[in-house]
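Just below is one structure, and these are the notes that go with it.
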Amino acid sequence: MYTVPMRVLITGSAGFLGSHLVEKFLNEGNTVIGLDDFSTGKPKNMKVFLKEKNFSFIEKDVREKIDLEVDLILNFACPASPKAYQSDPVRTIETNFLGMINLLQLAKKTEAKIVQASTSEVYGDPSESPQKESYWGNVNPIGIRSCYDEGKRAAETLCFDYKRQFEVDARVIRIFNTYGPNMAIDDGRVVSNFVNQALTNKPLTLYGDGTQTRSLCYVSDLVEGIYQISMLEKPVSTPVNLGNPNEYSMHELAKKVILLSKSKSNIVNLPLPADDPKQRKPDIKLATKILDWYPKINIEDGLLKTIEYFSNNI
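Just so we're aligned, residue 4 is where the sequence shown starts under our numbering, counting upward by one.
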């Protein structure tokens, strides 16, 4: 393991995962620099840290050159919900590609480790389950989701090319569906949609017939996995899946949310969006082997914490 304190740059720091990572790395004794352009991140997620002596914040777009002295870079600077990334698809793919180049060049210059937040979306609509890191995926390269899916795939390519050509210590994590406090209430992803609708007693919108599945990881479990891979002393030669392998259909999830929130909502079915993957389930044997990591929070406990957060913020 690397020793602290380190000077850690977290891009996308005002977003859902970024804000939790700021808290984690500060609590572990590091100096943290948050960077965000607030295109989707929330200023309130940063306000709580501004009084911390070891935290500073830069409002900046990762598509612009970045010049800082850092030991570790965590790149989380991209909207992750379809609603957000499809609203400006050109900006999304530019953020993934140009932002990745800028941060890899910074890592090369400063000899910093860099952790790239990739995604299970690189697997597309998978033809095998669970999805292993060795699976190349089934992605539509010209669909409405490809600005994100292919942008993340291109960013992975850049990471491994910089690793091979310039010996940059680049580490790629493929994040599966994650939920918990600090999610944007209107971000359009399934947990936020269902919880928001249930708390306001509106119908839960179930796309398709509800048999499509997701594997949902509570945010504290994911953050611990990210921290562990960031602190590994030995470089990582392959992408690493991080997620909870327990799989639920969307119909099961809707019923759980209604029950746990004590909602009077019913469920309505709407057409399935284009290129929406029908299954998500990570194979996490590699993460378990190299990190001794496995998710601990069960779905009921995680949903209750998320429902409490949303009920206080709606």
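All C-beta atoms in this analysis are idealised placements derived from N, C-alpha and C, irrespective of residue type, glycine included.
Model, not experiment: these values are computed from the prediction.
- Runs of the alpha helix (DSSP H) spanning 4 or more residues and lying entirely within the segment 161 to 215 occur at 193 to 202, in chain order.
- Beta-bridge pairing by DSSP links C220 to T181.
- Between L24 and L77 a beta carbon distance of about 6 Å is seen, short of the 8 Å cut, so the two are scored as contacting.
- Distance from the CA atom of L306 to the CA atom of S42, rounded to whole angstroms, is 27 Å.
- Taken in chain order, the whole alpha helix (DSSP H) runs of length 4 or more contained in the segment 73 to 124 are 85 to 88 and 92 to 113.
- It is roughly 26 Å from the alpha-carbon of F58 to the alpha-carbon of T309.
- Straight-line spacing of the CA atoms in K267 and A201 works out to 7 Å.
- Looking only at K116, M186, R148 and I145, the smallest Cα-Cα distance to Y221 is reached by M186.
- Look at E250 here: in three-state DSSP terms it is strand.
- The shortest CA-to-CA distance from R156 to any of G183, Y312, E170 and G127 is the one to G127.
- Between I69 and L109, the C-beta gap is smaller than 8 Å, which places the two residues in contact.
- Here the alpha carbons of L106 and S149 stand approximately 22 Å from one another.
- For V65, there is no enclosing beta strand (DSSP E), as DSSP marks it with neither H nor E.
- Below 8 Å, enough C-beta pairs join the segment 29 to 37 and the segment 49 to 57 to call them touching: three or more.
- For the 8 Å CB-CB criterion, L29 and L71 do not form a contact.
- A buried status is given to T181, since no fewer than 16 other beta-carbon atoms sit within 10 Å of its beta-carbon.
- Three or more beta-carbon pairs drawn from the segment 283 to 290 and the segment 131 to 143 are found closer than 8 Å, and the two stretches are therefore classed as touching.
- It is roughly 23 Å from the alpha-carbon of V260 to the alpha-carbon of V226.
- Shown here for I147: same chain residues with a beta carbon closer than 7 Å to its own, the five before and five after excluded, namely Q89, A277 and D278 in chain order.
- Less than 8 Å separates the beta-carbon of R174 from that of K116.
- With contacts defined as CB atoms closer than 8 Å, T216 and I178 fail to qualify as a contacting pair.
- Under the three-state reduction of DSSP, D152 is assigned to helix.
- Judged by beta-carbon spacing, I188 lies within the 8 Å limit of I317, meaning their Cβ atoms are closer than that value.
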